[in-house]
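Written below as structure tokens is the structure these notes are about.
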Amino acid sequence: MMAGCLNSRFGQTITLAQNLAQTLKQIQSTILLAIVLDSSSHRSSCSHPSLARLSFCRFLFCGVIALHCTGRTSASMADPEDVLADSLETFYDYVPVALSSSGSTFTYSSPLLSDMITLTTPDTQAANWSLHATSIWRSSIYIADHLADLELDRHIGRARSQDRPLTLLELGAGAGLPSIMIAKTCKDVLVTASDYPDERLISTLSENVKRNEVSDRCRVVPYNWGSDPTQLLSQTSGGFDIVLAADTLWNLDLHAIFVDTLQRTLRPSPDARVYIVAGLHTGRYVINSFLRRMRDAKFVAESLVERSVSESSNDRTWSVEHADEEDEQERRRWVVWMIFKWADC
Ligand SMILES: C[S@@+](CC[C@H](N)C(=O)[O-])C[C@H]1O[C@@H](n2cnc3c(N)ncnc32)[C@H](O)[C@@H]1O
């Protein structure tokens, strides 16, 4: 009896100690996370008293965010930038246009997959930071989430009737989520994932393809838009059935070489399609300028739809008109889903 009582007291003490240790661990990780978030959101220091107050408020704010997040277990929470993005979304309905930071691990799951896709977010040489390849952008996640809208079965059927596999090229693939998702779920598609010939970027993209065990159906080819596409085209007979790109329109100066690449890589066939998904954060006037260039290059838009990233029932037809009626926060909630075909094929 006495021994049982002692055992039970001993058990309670152990549980208490464990709880205390867990609480201390949580406080410690909360403070650490707050420090990380605070330092990553603002790196310079300042001695002005009002800015110091602001800094303290920001630290408190980060502390609240960290407290909110340390109770979570999701693997994608490992990256402080994702933690911050997730918390801003929860507290302020602030939709992030890009997730994850270079070098961090990003996991993606879907009812279409039996296992998760695990990606390392690429890094680039410092000289190539302007490529914006060091995140996983919302548009590529949107494509992976809405794979059925690429109508791959219909495209595969057409290619099969010509006794050949469907060929698909992703331009500016970054970490490679859409390419890897397609290669994992559609056995009859030969995928080429390409991005700018930056050594670090291409090696991470290649590792992501290997790690997710799709190397037999997805090859990686370094390619600078506007350059000779011979290597890209080597596994196709005269061009790709589908060319796909996520968030590649943000820079007006790159539109000419991007459109040139589309012209040189899309199969000259009435069935060939270009699918481009661009976050509205790109800017309506920038997107509109791209659309004009596509028209000049003899592409016709088969579909231009604005789609809400959170509510699928909210689709609306693309229009440049709304540019002055919406703020940045509103633009973050939308992507533009564009489908093009050859005008005279
Ligand atoms: C905003 S990121 C989008 C990355 C990826 N599609 C995603 O959604 O996560 C733009 C991508 O375009 C690529 N890119 C930019 N300029 C390029 C060029 N001249 N040639 C090839 N790729 C380029 C970048 O390296 C980067 O991967």
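Numbering-wise, the sequence shown is residues 1 to 345 according to our numbering. Think of the CB as a built atom: it goes at the ideal place given N, C-alpha and C, for glycine as much as any other residue. All of these numbers come straight from a predicted model, not from anything done at the bench.
If residue i and residue j are in contact, beta carbons under 8 Å, what's the gap, nearest whole angstrom?
i, j, result
"L244", "P178", "6 Å"
"I180", "I117", "6 Å"
"Q140", "A246", "First, the residue type needs correcting, since residue 140 is Ser and not Gln in the sequence shown. Between A246 and S140 the Cβ distance is about 4 Å, and since that is below 8 Å, they are a contact."
"S135", "S101", "7 Å"
"V305", "T317", "6 Å"
"G239", "P270", "Their Cβ separation, rounded to whole angstroms, is 13 Å, which puts G239 and P270 out of contact at 8 Å."
"A297", "V259", "5 Å"
"H255", "R293", "5 Å"
"T124", "L131", "6 Å"
"R332", "V97", "6 Å"
"Y142", "V309", "6 Å"
"L249", "F290", "5 Å"
"V221", "V209", "Not really, about 11 Å apart at Cβ, beyond 8 Å."
"L232", "V286", "Not a contact, Cβ separation roughly 25 Å."
"G176", "L205", "5 Å"
When you compare the CB of residue i with every CB in chain E, is at least one pair closer than 7 Å?
i, result
"L166", "Absent from the structure: chain E. Only one protein chain is present."
Considering residue i, what are the terminal residues of the beta strand (DSSP E) in which it resides?
i, result
"P222", "C218 to P222"
"L168", "L166 to L171"
"V305", "F299 to S308"
"W334", "W334 to W342"
Compare the Cα-Cα distances from residue i to each of the options and report the closest residue.
i, options, result
"A144", "R164, C186 and A301", "C186"
"Y223", "W129, E207, R211 and L201", "L201"
"L119", "L249, D327, S203 and Q329", "S203"
"D195", "L147, F340 and P122", "P122"
"D228", "N251, I257, D253 and G172", "I257"
"F106", "G174, S161, T167 and D153", "G174"
"A323", "H281, F340 and F290", "H281"
"E311", "A127, W129, H146 and E302", "H146"
"P165", "G157, N128 and Q329", "G157"
"T236", "N251, S215, E207 and L266", "L266"
"D149", "I339, C345 and D344", "I339"
"A343", "V274, E325, R307 and Q329", "V274"
"E199", "T167, A126, S303 and T230", "A126"
"S234", "S303, R264, W137 and V214", "R264"
"K184", "D163, Q162, A159 and R211", "R211"
"T192", "T167, E207 and E213", "T167"
"R138", "R307, W225, R217 and L99", "L99"
"A272", "W225, A159 and E213", "A159"
"E170", "E328, E151 and I182", "I182"
"D241", "R154, G226, R295 and W129", "R154"
"N358", "E328, W334, W225 and V320", "Limits of the chain in this structure are 1 at one end and 345 at the other, which puts residue 358 out of reach."
"V320", "N288, S161, S303 and C345", "N288"
"E213", "G226, D115 and E326", "D115"
"K341", "E330, E302, V95 and E207", "E302"
"G103", "E207, E325, S161 and R217", "E207"
Residue i lies in the alpha helix (DSSP H); which residues open and close that run?
i, result
"E328", "E328 to R331"
Is residue i near ligand 3, with its Cβ less than 6 Å from a heavy atom?
i, result
"Y196", "The ligand content of the structure shown is limited to ligand 1, which means ligand 3 is not among them."
Item to check | Contiguous alpha helix (DSSP H) assignments of at least 4 residues, all confined to the region 82-159 | outcome: DSSP runs (the alpha helix (DSSP H)) wholly in the region 82-159: 138-145.
Checklist entry - Quick one: complete beta strand (DSSP E) runs, 3+ long, within the region 244-301? => result Correct list: 273-279.
Checklist entry - Could you give the uninterrupted runs of the beta strand (DSSP E) lying entirely in the region 174-237, keeping only those of 3 residues or more? => result Correct list: 189-195 and 218-222.
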